[in-house]
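Taking the working numbering, I'd label the letters of the sequence shown as residues 156 to 275.
Heads up, the thing below is written out as C-alpha cells.
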Amino acid sequence: MSQPSNSTNDLYAVADFCLVPMGTAEPSVAEYVAECVRVLEKTSLKFKMHGYGTNLEGPWTEVMQAIHACHAAVHAKGAPRIATDIRIGTRVDRDIAPGTGNEGKVKRVEDILARDVVAS
Numbered sequence: 156m157s158q159p160s161n162s163t164n165d166l167y168a169v170a171d172f173c174l175v176p177m178g179t180a181e182p183s184v185a186e187y188v189a190e191c192v193r194v195l196e197k198t199s200l201k202f203k204m205h206g207y208g209t210n211l212e213g214p215w216t217e218v219m220q221a222i223h224a225c226h227a228a229v230h231a232k233g234a235p236r237i238a239t240d241i242r243i244g245t246r247v248d249r250d251i252a253p254g255t256g257n258e259g260k261v262k263r264v265e266d267i268l269a270r271d272v273v274a275s
C-alpha cells in the first residue's frame, strides 16, 4: 500500500459533518451555519455545504482543526450546546489529488449511470 502523499504524512481525509447548535432561542440554525462557513472560508480546505451538512477534505489534522474552529465560533455566537455528526473516509491504496476526493466519488457513480443510459 502506498503512503499518504502529503509532506507531513498526515492522512488525507474526506469528511462529511453536520454541526447542530442546540439551546438557541430560534428554530433556524442558518446564522450559526453561516458562521461555520465563514470559518471554513479562512482555511485552505476544499468544502461544499449541502442541505444537511458540509463535505470537507484535506489533511486529517486540518480537517479536525477546522471542525473544532467551527465549534468554537458557533459557541462564541451564542449556542450553548452543539451536537456534531462526523463521517470520515481515508484511503492509502492510491493517491488522491488534493481537493478531488468527493468529486472523484461522485464522478465514478455518474459514469456508471451514464453507461446505463447508453445501454438502454
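Backbone N, C-alpha and C fix where the C-beta goes; we use that ideal spot for every residue, glycine too.
Check, Outcome
"Going by beta carbon distance, what residues of the same chain come within less than 6 Å of residue 254, once the five residues before and after it are set aside?", "201"
"Considering only C-alpha positions, which residue in the set 216, 266, 172 is nearest to residue 191?", "172"
"Helix, strand or coil: how does DSSP classify residue 241 here?", "strand"
"Give a yes or no on contact between the region 235 to 246 and the region 169 to 187, applying the rule of three or more CB pairs nearer than 8 Å.", "yes"
"Could you say which of 211, 219, 198, 183 lies nearest to residue 258 if we only look at CA atoms?", "211"
"Please give the ranges of any alpha helix (DSSP H) in the region 182 to 214, keeping only runs that are unbroken, at least 4 residues long and fully inside the region.", "185 to 196"
"Terminal residues of the continuous alpha helix (DSSP H) containing residue 274?", "256 to 274"
"CA-CA distance, residue 228 and residue 236?", "12 Å"
"Starting from the Cα of residue 230, find the closest Cα among 188, 251, 164 and give me that residue.", "188"
"Using CA coordinates, which residue listed in 262, 269, 207, 199 is at the minimum distance from residue 183?", "207"
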